Amino acid sequence: MDTTGIAWRTMAFVACVMGAGAAQAQAAYPPPSIDISVAIGQKVAIWVQPNYSVLCRSLGQPTFQLDSKPTLGEVSPEWIDYTVPDGQRCETMRFPGMIVWYQAGQTPGTDVVVWTVGFPREFTSRVPGTGDHRVTTTVVVQ
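What follows is the structure, given as structure tokens:
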């Protein structure tokens, strides 16, 4: 019996299964920088984030702090009840989440805004919070 070959095939299978699941998963938190373009007067979502675990449990409401205000528009958070789309893990379940919006003003140019989002966890969750994540967003208003 070739136990080494079986072990390698099993590890390859597990890696493929985990990789397929990760390909469908949304990032757990925003990247350090985001670049977007927006038309004058337009409102766009900079980031949409639900906060739940792989066990389909709520991890609490995300937090938001505006660290530097934009000069050409406004940034605002909106706390939402996020419904997981059909076909994804935890489908049709509802979890707390947040949308970070940018509302462009009437002046074209480049705007830079810095904000911090935090992901707490439910008291009963064994998964630690991921802490605060600072994001620099560059917005081109055209």
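Sequential numbering of the sequence shown, starting at 30, is according to the numbering used here.
Just so it is clear, CB atoms sit at the ideal spot from N, CA and C, and this is done for glycine as well.
What you are looking at is a predicted structure, and each value in this text was computed from that prediction instead of being measured.
Original post:
When you compare only the Cα positions, how much space is there between D96 and C119?
Top reply: What you label residue 96 is simply residue 67 of the sequence shown in a count that begins at 1. What you label residue 119 is simply residue 90 of the sequence shown in a count that begins at 1. Using only the alpha carbons, I get a separation of about 33 Å.
Original post:
Between the stretch 60-75 and the stretch 112-126, do at least 3 Cβ pairs fall closer than 8 Å?
Top reply: no
**OP:** Determine the extent of the beta strand (DSSP E) in which D110 is found, giving its start and end residues.
**Re:** The sequence position of residue 110 within the sequence shown is 81, counting from 1. From DSSP, the beta strand (DSSP E) with D110 extends over G102 to T112.
Original post:
Who does I75 pair with in a DSSP beta bridge?
Top reply: Here residue 75 corresponds to residue number 46 of the sequence shown, with the count starting at 1. According to DSSP, which records beta bridges pairwise, I75 is partnered with nothing at all.
Original post:
With V142 and W76 assumed to form a contact (beta carbons below 8 Å), what rounded beta-carbon distance in angstroms separates them?
Top reply: Position 113 of the sequence shown, counting from 1, holds the residue named residue 142. Position 47 of the sequence shown, counting from 1, holds the residue named residue 76. In fact, because the Cβ distance is near 12 Å, the residues do not count as touching under 8 Å.
Subject >> Cβ-based neighbour list, S66, same chain, cut-off 6 Å, excluding 5 preceding and 5 following >> reply: Numbered from its first residue, the sequence shown carries residue 66 at position 37. Taken in chain order, the residues that qualify are V169.
**OP:** Determine the closest residue to G126 out of A133, G102 and F93, with distance taken between C-alpha atoms.
**Re:** In the sequence shown, the residue the question calls residue 126 occupies position 97. Of the listed residues, the one whose Cα sits closest to G126 is F93.
**OP:** Starting from the C-beta of R123, find all residues in its chain whose C-beta is less than 6 Å away, skip the five residues before and the five after it, and write them out in chain order.
**Re:** The sequence position of residue 123 within the sequence shown is 94, counting from 1. D110 and T112.
Original post:
Given P106, which residues of its chain have a CB within under 6 Å of its CB, disregarding the five upstream and five downstream residues?
Top reply: The count along the sequence shown starts at 1 and reaches residue 106 at position 77. Closer than 6 Å at the Cβ level, and outside the excluded window around P106, lie F93, M127 and V129.
Original post:
If you drop the 5 nearest sequence neighbours on each side, which residues of the same chain put their C-beta closer than 6 Å to that of G147?
Top reply: Indexing the sequence shown from 1 puts residue 147 at position 118. Within the same chain, G147 has close Cβ partners T92 and D161.
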